[in-house]
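The structure under discussion appears below in the form of structure tokens.
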Amino acid sequence: MKILVSKRGGYCYGVQRALKIAHQAALASDGPVHTLGPIIHNPGVVKELAAAGVSCVETLAGAAGTIIFRTHGVTPQVAADAEARGLRVVDATCPYVKVAQQKASSFKEQGYLPVVLGEHEHPEVVALIANAGAGAVVVEKAEELDLARVHGKRVGVVVQTTQASANLSALVGRLSPACRELLVYNTMCNATQKCQEEALGLARRADAVIVIGGRNSANTTRLAKLCREVQARTFHIEEVGELEAGWFEEAGTVAITAGASTPPEQMEAAKLQITNFERQTNNGR
Ligand code: SF4
């Protein structure tokens, strides 16, 4: 069996940076250090971080000492609330997400109607909407767009960093005949795009695909969805222990990739486990 391991999967730049910032904050502080929400969608990493002295709180009310904002960023209101509570703020918002927030808020100033392409409840999108201001339109898919809201208007588009490029193309195609003027900031993250492109290439060559990452991680879920579109035998797992030997029956080639919040070593661990399955099958013959 041939096993293809992604070179672009696993921790992205923003996640690596946030983890480093969190560890540095723990070392630099005598008091409690928290992240506002789990730093990444990976329970194992969250546990490791807690052992290093950085615990997770879900609201500012539960925090004291230092609060770390994670890669998704926070709304201006949350940032102000943290200051008002006297917390020391360490901002680990990914710089690419910051750019998207700045573009969203620039639409307000320039008199454009902001349209945010992204998942309604995702924390990154919630912060983007807060930056875009009241009246911003949010759509997860082009078909959701109510054309009456944009008809004849000056419209500015900003995109959740982990969106797939096909979603943006579909939205632009729907918007452009309807609005008076269309300004599009492609704020999709390069790391996500490259990882998705590579994963699609691997999935086309494979008989089974393994995607590793948190089930509540937006970019992992999207990665698995994209791979499934070209290879129905795509399995999304959170941990290597979930792999099942039966998934690889008759598979000549297996591809392994991972979302941006997955330690890259997990892809190698999955490769080892699949190799073990193959060995056990061969021994049993
Ligand atoms: S996926 Fe891209 S935007 Fe998101 S944290 Fe990673 S580098 Fe930043």
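Reading the sequence shown from the start, the letters are residues 3 to 287 in this note's numbering.
The beta-carbon is built from N, C-alpha and C at its ideal position, and this holds for glycine as well.
Note that this is a predicted model, so its numbers are computed, not measured.
Suppose only complete runs of 3+ residues qualify. What are the beta strand (DSSP E) ranges in the region 119-160, listed by chain order?
139-141
What does DSSP give as the partner residues of E183 in its beta bridges?
Counting from 1 along the sequence shown, the entry for residue 183 is found at position 181. Note: E183 sits in a beta bridge opposite R156.
Considering only residues of the same chain and omitting the five flanking positions on each side of V56, which have a CB-CB separation below 8 Å?
Position 54 of the sequence shown, counting from 1, holds the residue named residue 56. Cβ neighbours of V56 beyond the five flanking positions: A24, H25, A27, A28, V35, H36, T37, I41 and I70.
Taking the CB atoms as reference points, tell me whether G2 and K49 lie closer together than 8 Å.
What the structure shows of the chain is the stretch from 3 to 287, and residue 2 is not part of that stretch, so it cannot be assessed.
Near the ligand SF4: V118 beta-carbon under 7 Å from a heavy atom:
One-based indexing of the sequence shown puts residue 118 at position 116. No; taking the cut-off as 7 Å, the Cβ of V118 has no heavy atom of the ligand SF4 nearer than that.
Buried versus exposed call for R217 [16 or more other C-beta atoms within 10 Å across all chains shown]
For the purposes of this step, residue 217 is taken as the residue at position 215 of the sequence shown. When all chains shown are included, R217 counts as exposed.
Using a Cβ-Cβ cut-off of 8 Å (strictly less than) and excluding sequence neighbours within five positions of G67, which residues of its own chain qualify?
Translated into the one-based positions of the sequence shown, residue 67 becomes position 65. Excluding residues within five positions, the ones whose Cβ falls inside 8 Å are S31, G33, P34, V35, H36, L89 and R90.
Which class does C58 belong to by DSSP, given the choice of helix, strand or coil?
Stepping through the sequence shown from its first residue, residue 58 is reached at position 56. Residue state, collapsed to three classes: strand.
Mapping DSSP to helix, strand and coil, what is D209?
Within the sequence shown, residue 209 is the residue found at index 207, counting from 1. DSSP places D209 in coil when its eight states are reduced to three.
Is it true that the CB of V161 sits closer than 8 Å to the CB of N188?
As a first step, residue 188 must be located in the sequence shown, where it is residue number 186. As a first step, residue 161 must be located in the sequence shown, where it is residue number 159. Yes, Cβ-Cβ distance for N188 and V161 is below 8 Å.
Sequence-distant residues of its chain with Cβ nearer than 8 Å to G64 (five each side left out):
Position 62 of the sequence shown, counted from the start, is the residue given in the question as residue 64. H36, listed in sequence order.
Environment of E199 [buried if 16+ CB atoms lie within 10 Å]
Here residue 199 corresponds to residue number 197 of the sequence shown, with the count starting at 1. Classification of E199: exposed, given that the 10 Å Cβ count is below 16.
Helix, strand or coil, according to DSSP, for T95 in the structure here?
Within the sequence shown, numbered from 1, the residue matching residue 95 stands at position 93. The answer is coil: DSSP assigns T95 none of H, G, I, E or B.
Return the bridge partner residues of R90 from the DSSP annotation.
By one-based count along the sequence shown, residue 90 stands at place 88. Note: R90 sits in a beta bridge opposite T68.
I want to check one thing, is the minimum distance from the CB of V47 to the heavy atoms of the ligand SF4 below 7 Å?
Along the sequence shown, read from residue 1 onward, the residue named residue 47 stands at position 45. The answer is no for V47.
Leaving out five residues on either side along the sequence, give the residues of the same chain with a beta carbon under 7 Å from the beta carbon of T77.
Numbered from 1 along the sequence shown, position 75 holds the residue referred to as residue 77. Correct list, in chain order: V128, A129 and A132.
Alpha helix (DSSP H) containing A257: first to last residue?
Along the sequence shown, read from residue 1 onward, the residue named residue 257 stands at position 255. Where A257 is concerned, there is no enclosing alpha helix (DSSP H), although the beta strand (DSSP E) it sits in stretches over T255 to A260.
Under the assumption that S219 contacts S263 (Cβ atoms under 8 Å), give the Cβ distance between them as a whole number of angstroms.
Here residue 219 is taken as the residue at index 217 of the sequence shown, counted from 1. Here residue 263 is taken as the residue at index 261 of the sequence shown, counted from 1. Right, the Cβ-Cβ distance comes to about 5 Å (below 8 Å), so this counts as a contact.
Counting pairs of Cβ atoms below 8 Å between the region 141-155 and the region 96-110, do you hit three or more?
no
Between T222 and M190, how many whole angstroms is the CB-CB distance? I'm expecting something under 8 Å.
Position 220 of the sequence shown, counting from 1, holds the residue named residue 222. Position 188 of the sequence shown, counting from 1, holds the residue named residue 190. Not a contact, Cβ separation roughly 16 Å.
Closest Cα partner of M269 within the set H238, N284 and Q282
Position 267 of the sequence shown holds residue 269. That would be H238, whose Cα lies nearest to the Cα of M269.
On the DSSP bridge list, what partners appear for K4?
Position 2 of the sequence shown, counted from the start, is the residue given in the question as residue 4. In DSSP, K4 forms a bridge with T255.
Listed in chain order, which residues are found with a beta carbon closer than 7 Å to a heavy atom of the ligand SF4?
C14, Y15, G16, V17, T73, C96, Y98, V99, T163, T164, C191, A193, T194, N221 and A262
Nonlocal neighbours in the same chain, by C-beta distance under 7 Å from L51, ignoring five residues either side:
Position 49 of the sequence shown holds residue 51. Cβ within range, chain order: A24 and I41.
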